[in-house]
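Asks: Line order of the protein sequences matches chains Z and U.
The first sequence begins at 543 in my numbering and counts up by one.
The second sequence begins at 2 in my numbering and counts up by one.
A virtual CB, placed ideally from N, CA and C, is assigned to each residue, including glycine.
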Amino acid sequence: MSSSASSSWFRPLAGLSPTRARRLWALSFILPIALWCVVSYVPFVWHPMLRVSDAGDLDWVTVGELAPRADVERDNRALVAKGGHPAVGTPANPPFLPAPHEVARALVTGFTTPPFRADEPWLHQSLWHSVTVIFWGFLISSVVGVPLGILCGALPAMARLTEPFIEFFRYLPAPAFGALAVAVLGIEDAPKIAIIVIGTFFQQVLVIANTTRRIDPALLEAAQTLGASPRHLLWRVVVPGVITEVYTDMRVLLGWAWTYLIVAELIGVSSGITFFINQQAKYRAYDRVFASIIVIGLVGLFTDLVLASLGRQLFPWLRTSKRGWLSQALARRGRAARAAEAVAAKEAARA
Amino acid sequence: MIDMIETPETLSLPSYREQEPRVAERFAKLRQRPVILDVQALEKRFTTADGETVVALDRVSFQAHRREFLCVIGPSGCGKSTLARLVAGLEPCSGGRVLLDGKPVDGPGSDRGMVFQGYTLFPWLTVLKNVMFGLEVSQGMSTSSAEQEARQWLDLVGLSKFAASYPHELSGGMKQRVAIARALANRPRILLMDEPFGALDAQTRAQMQSYLLQIWREVDITIVFITHDLDEAVYLADRILILDAHPGRVRELMEVAVPRPRHPTQFLSPTFVAARRHLEELIHPPVEVATEALPLRRMTVVGDDVE
């Protein structure tokens with residue numbers, strides 16, 4: 543690596559090579575996992591408990607038990623001074639911090655292990671339940687919120703009429719409406735969807751309105767000198783002009799919706815991934831608690847990657863290369879079809 | 002281009018008013034053509050944050066005839082861009098009026114096309130769709146006939162090969178050619194150009210000037226061209242409207258005696274230099290610029306002289 547390349551680490555806004563960017567992407571996951579490994583596998587780092595293998599003469603511990611290490615060591619010293627047998631064991635972490643390999647095992651077996659009780663949902667059922675609640679909540683919020691946000695951004699009169707109230711309402715914490723939602727909508731999924739809608743909608747309108755206001759006014763002026771009517775300006779300039787930014791906003795807002803999900807699922811009959819996590823905690827299966835939390839993160843990360851990739855396909859004017867995977871795939875199918883036709887034609891000619 | 006022309010005082014230049022017979026004949030013909038744009042006592046005032054009233058344009062009046070190439074020039078702050086925006090209808094005026102073909106202008110419309118300094122192409126549309134935009138929204142053309150028409154305009158600016166490209170894939174000069182095609186496709190009565198080549202490098206700008214003259218020759222269009230570049234104004238214009246600053250007022254409407262067709266070799270011709278000089282005197286009056294000696298100490302070694 544040349545000296546200029548290495549000095550660019552510290553130059554503000556310096557560009558990254560693709561390789562370096564990929565490595566850093568991986569490192570951002572590797573670093574926290576490595577920290578977790580150190581805490582879990584290096585015996586002298588933390589490990590405040592002792593997994594007792596031989597109780598010795600210590601009367602308050604039993605073999606296989608997790609005992610506070612500091613207490614055992616203190617009593618051991620007293621025992622040894624009196625000529626007794628000290629208790630022995632291996633240092634361990636408390637049960638709520640399982641080691642990476644335990645969580646990894648729980649992650650792999652999580653989808654294959656039946657629940658503790660037959661009437662409880664599996665991990666994948668719980669997860670799917672949560673995803674449907676998020677989907678409906680976010681969809682209902684967006685169907686109203688996106689058009690309203692764009693209208694507020696485009697039309698000052700609309701903004702004046704709605705934004706002050708929305709600004710007030712967004713400070714009301716969505717969970718505060720839990721009891722009300724249950725009273726109105728019952729105890730199943732409807733109040734949960736309502737909480738996600740309340741939590742998302744008001745932010746959504748304000749964020750999208752602000753994004754819309756950032757459109758380049760010169761584009762509106764150019765369109766006007768080309769004879770565009772107000773309706774044209776809205777549909778053919780404002781909407782396509784802000785759609786990419788709105789799409790990015792939506793990706794951020796979807797992340798917020800997940801935050802409201804956890805609260806929403808505690809309302810009425812607890813359900814979904816939150817219920818699953820709470821049940822595992824009750825059974826003290828902390829490895830499965832961690833596994834479920836990681837699954838939520840993976841679902842979020844995966845959704846965002848898919849949406850980002852889809853965005854590049856939907857908005858071809860943002861791409862630097864000529865074609866994205868979608869149009870390439872379509873072109874491949876087209877080529878294959880044409881080749882098949884040519885073969886068929888040749889066959890027909892021969893016949 | 003030529004910024005400082007070596008013209009010692011002893012060099013005798015013709016008067017900028019002096020016109021060859023064929024040039025005079027052209028201007029006589031031009032004056033007989035119908036007036037397309039009639040700007041009457043146009044005023045623009047606005048109030049600053051301190052409550053002061055600033056007069057950006059003060060009773061500006063002029064006329065442009067059919068197929069005239071009119072340049073507007075003036076020092077910064079003379080309101081030349083404001084003038085273009087008022088004629089385009091993008092801003093309301095505080096007084097006076099703008100007549101297009103004798104009818105008062107109210108708000109922006111497709112009869113006055115505009116090309117901006119920032120390219121203002123729609124980034125989400127291909128080059129072809131950009132040119133089709135006006136045809137679809139103002140003429141209500143069907144997609145297929147708009148496409149046919151737009152392709153002809155792209156041919157005219159020499160960019161048919163780039164019909165499927167997006168604006169970000171084009172160079173600045175190419176973008177501006179698309180913007181010109183887009184404005185002209187609507188068949189406006191006049192084309193307003195607000196420092197359209199200001200952001201381009203010198204070579205591209207010269208190229209664009211020559212393209213623009215070619216297009217103007219072939220298309221029935223009256224051009225009002227805002228610029229701060231004196232050479233550009235003399236090279237392109239039939240007549241030059243010179244504005245004063247603070248407040249913006251008409252100083253003079255000057256006929257450019259340089260014969261047409263124009264060619265870059267004319268930059269050194271006496272008529273060109275005389276016209277340019279006249280502009281220079283109006284816009285940058287010769288004041289004694291007292292350059293004080295800077296309080297510099299010598300910071301290089303003895304003998305290391307550069308002049």
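What does DSSP give as the partner residue(s) for ASP39/U in the beta ladder?
Replies: Reading the second sequence from its first residue, position 38 is the one you call residue 39/U. Answer by DSSP bridge pairing, in chain order: GLN64/U, LEU100/U.
Asks: Could you name each continuous alpha helix (DSSP H) segment of 4 residues or more that falls completely within the segment 756 to 842 of chain Z, going from the start of the chain to the end?
Replies: 759 to 767, 781 to 806, 814 to 824
Asks: Can you tell me whether DSSP reads ASP846/Z as helix, strand or coil?
Replies: Within the first sequence, numbered from 1, the residue matching residue 846/Z stands at position 304. Reduced to three states, the DSSP call for ASP846/Z is helix.
Asks: Counting only the same chain and skipping the five closest in sequence on each side, list residues whose C-beta sits under 8 Å from that of ILE737/Z.
Replies: For the purposes of this step, residue 737/Z is identified with residue 195 of the first sequence, where counting begins at 1. If we look at ILE737/Z and ignore the five residues flanking it on each side, its Cβ neighbours are GLY679, ALA716, PRO717, PHE719, GLY720, ALA723, TYR802, VAL805, ALA806, ILE809.
Asks: Using a Cβ-Cβ distance cut-off of 8 Å, determine whether MET2/U contacts chain Z.
Replies: Taking the second sequence and counting its residues from 1, the one referred to as residue 2/U is at position 1. Because the pLDDT of MET2/U is 45, which lies under 50, any placement of that residue in the model is unreliable, and the number read from its coordinates should be weighed accordingly. No - not a single Cβ of chain Z is within 8 Å of the one on MET2/U.
Asks: Can we say the segment 75 to 83 of chain U touches the segment 253 to 266 of chain U, given the rule of at least three CB pairs closer than 8 Å?
Replies: no
Asks: Could one say the Cβ of GLU787/Z lies closer than 8 Å to chain U's Cβ atoms, at least one of them?
Replies: Reading the first sequence from its first residue, position 245 is the one you call residue 787/Z. Judged by the 8 Å Cβ criterion, GLU787/Z is not in contact with chain U.
Asks: Assign HIS285/U to one of two classes, buried (16 or more other C-beta atoms within 10 Å of its C-beta) or exposed (fewer than that).
Replies: Reading the second sequence from its first residue, position 284 is the one you call residue 285/U. HIS285/U is exposed by the Cβ-count criterion.
Asks: DSSP three-state label for MET300/U, please.
Replies: Within the second sequence, the letter at position 299 stands for residue 300/U. If DSSP states are grouped into helix, strand and coil, MET300/U belongs with coil.
Asks: Judging by CA-CA distance, which residue of ILE572/Z, LEU860/Z, ALA827/Z, GLY853/Z is the nearest neighbour of PRO636/Z?
Replies: Here residue 636/Z refers to the residue found at position 94 when the first sequence is read from its first residue. For PRO636/Z, the nearest C-alpha among the options comes from ALA827/Z.
Asks: In chain U, which residues lie less than 7 Å from GLU763/Z when you measure between Cβ atoms?
Replies: Indexing the first sequence from 1 puts residue 763/Z at position 221. The CB of GLU763/Z comes closer than 7 Å to the CB of LEU91 in chain U, given here in chain order.
Asks: Once the 5 residues before and after GLY174/U are set aside, which same chain residues still bring their CB inside 7 Å of it?
Replies: Position 173 of the second sequence holds residue 174/U. Within the same chain, GLY174/U has close Cβ partners LEU201, THR205, GLN208, MET209.
Asks: Does the beta-carbon of LEU872/Z have 16 or more other beta-carbons within 10 angstroms, so that it is buried, or is it exposed?
Replies: For the purposes of this step, residue 872/Z is taken as the residue at position 330 of the first sequence. Its Cβ having fewer than 16 others within 10 Å, LEU872/Z is exposed.
Asks: State buried or exposed for PRO554/Z, treating a residue as buried only when at least 16 other CB atoms are found within 10 Å of its CB.
Replies: Sequence index remark: in the first sequence, residue 554/Z carries index 12 (1-based). With a threshold of 16 other beta carbon atoms within 10 Å, PRO554/Z falls short and is exposed.
Asks: Assuming contact is defined by CB atoms lying nearer than 8 Å, are LEU43/U and LEU91/U in contact in what I supplied?
Replies: Reading the second sequence from its first residue, position 42 is the one you call residue 43/U. Reading the second sequence from its first residue, position 90 is the one you call residue 91/U. No, these two residues do not count as a Cβ contact at 8 Å.
Asks: Closer than 7 Å by C-beta to THR121/U: which residues in its own chain qualify, once you throw out the five before and the five after it? Chain order, please.
Replies: As a working note, residue 121/U is residue 120 in the second sequence. The residues are ALA180.
Asks: Could you confirm whether any beta carbon from chain U is found closer than 8 Å to the beta carbon of ARG778/Z?
Replies: As a working note, residue 778/Z is residue 236 in the first sequence. Closer than 8 Å: yes.
Asks: Measure the C-alpha to C-alpha separation of LYS734/Z and PHE677/Z and round it to an integer number of angstroms.
Replies: The sequence position of residue 734/Z within the first sequence is 192, counting from 1. The sequence position of residue 677/Z within the first sequence is 135, counting from 1. Straight-line Cα distance between these residues: approximately 11 Å.
Asks: Along the chain, where does the beta strand (DSSP E) containing ARG250/U start, and where does it finish?
Replies: Along the second sequence, one-based indexing puts residue 250/U at 249. Counting along the chain, the beta strand (DSSP E) containing ARG250/U begins and ends at 250 to 256.
Asks: For the beta strand (DSSP E) that contains ARG261/U, what are its first and last residues?
Replies: Reading the second sequence from its first residue, position 260 is the one you call residue 261/U. That residue, ARG261/U, is in no beta strand (DSSP E); it is neither H nor E in DSSP.
Asks: Does the beta-carbon of ARG218/U, which I'm using as the reference point, lie nearer than 7 Å to any heavy atom of the ligand ATP?
Replies: In the structure on display, the ligand ATP does not appear, and there are no ligands present to speak of.
Asks: Return the chain-ordered ranges of every beta strand (DSSP E) run that is complete within the segment 98 to 171 of chain U and spans a minimum of 3 residues.
Replies: Fully enclosed beta strand (DSSP E) runs of 3 or longer: 113 to 116.
Asks: Are the beta-carbon atoms of LEU244/U and GLY96/U separated by less than 8 Å?
Replies: Here residue 244/U is taken as the residue at index 243 of the second sequence, counted from 1. Here residue 96/U is taken as the residue at index 95 of the second sequence, counted from 1. Their beta carbons are not under 8 Å apart, which means LEU244/U does not touch GLY96/U by this criterion.
Asks: Look up HIS624/Z in the DSSP assignment and say whether it is helix, strand or coil.
Replies: As a working mapping, residue 624/Z is identified with position 82 in the first sequence. Just to set this straight, residue 624/Z is Lys in the shown sequence, not His. Here LYS624/Z sits in coil by DSSP.
Asks: If you scan the segment 552 to 599 of chain Z from start to end, which runs of the alpha helix (DSSP H) of 4 or more residues do you find wholly inside it?
Replies: 560 to 583
Asks: Less than 8 Å between CB atoms is the rule here; does MET300/U satisfy it with respect to chain Z?
Replies: Along the second sequence, one-based indexing puts residue 300/U at 299. Not an interface residue.
Asks: So which residues of chain U does PRO772/Z contact, with C-beta pairs closer than 9 Å?
Replies: Mapped onto the first sequence, residue 772/Z falls at position 230. Those do not exist, as PRO772/Z stays about 11 Å from chain U at its closest Cβ, beyond 9 Å.
Asks: Taking THR83/U as part of the beta strand (DSSP E), name the residues at either end of that continuous run.
Replies: Within the second sequence, residue 83/U is the residue found at index 82, counting from 1. Where THR83/U is concerned, there is no enclosing beta strand (DSSP E), although the alpha helix (DSSP H) it sits in stretches over 81 to 89.
Asks: According to the neighbour-count rule (16 or more other Cβ atoms, all chains shown, within 10 Å of its Cβ), is ARG178/U buried or exposed?
Replies: In the second sequence, residue 178/U corresponds to position 177, counting from 1. By the 10 Å Cβ count, ARG178/U comes out buried.
Asks: Just tell me which of VAL784/Z, ARG830/Z, GLY626/Z has its CA closest to the CA of ASP599/Z.
Replies: Position 57 of the first sequence, counted from the start, is the residue given in the question as residue 599/Z. Comparing Cα positions, the closest option is GLY626/Z.
Asks: Taking only the alpha-carbon atoms, compute the straight-line gap between ASP596/Z and PRO628/Z and give it to the nearest angstrom.
Replies: Position 54 of the first sequence holds residue 596/Z. Position 86 of the first sequence holds residue 628/Z. Whole-angstrom Cα-Cα distance: 9 Å.
Asks: Out of THR674/Z, ALA699/Z, TRP664/Z, state which residue places its alpha-carbon closest to the alpha-carbon of GLN821/Z.
Replies: Start at 1 with the first residue of the first sequence, and residue 821/Z comes out as number 279. That would be TRP664/Z, whose Cα lies nearest to the Cα of GLN821/Z.
Asks: Closest to LEU669/Z by CA distance: which of ALA751/Z, VAL831/Z, GLU883/Z, THR790/Z is it?
Replies: One-based indexing of the first sequence puts residue 669/Z at position 127. Ranking ALA751/Z, VAL831/Z, GLU883/Z, THR790/Z by Cα distance to LEU669/Z puts VAL831/Z first.
Asks: Shortest alpha-carbon distance to LEU840/Z belongs to which of PHE571/Z, TRP551/Z, GLY814/Z?
Replies: Counting from one through the first sequence, the residue named residue 840/Z turns up at place 298. Comparing Cα positions, the closest option is PHE571/Z.
Asks: Quick one: what's got a C-beta closer than 6 Å to ILE819/Z's C-beta in the same chain, skipping five residues either side?
Replies: One-based indexing of the first sequence puts residue 819/Z at position 277. Excluding sequence neighbours, ILE819/Z sits near VAL831, SER834.
Asks: Restricting to Cα atoms, I'd like to know which of LEU775/Z, LEU762/Z, PRO560/Z, VAL811/Z is closest to GLY728/Z.
Replies: Sequence index remark: in the first sequence, residue 728/Z carries index 186 (1-based). For GLY728/Z, the nearest C-alpha among the options comes from VAL811/Z.
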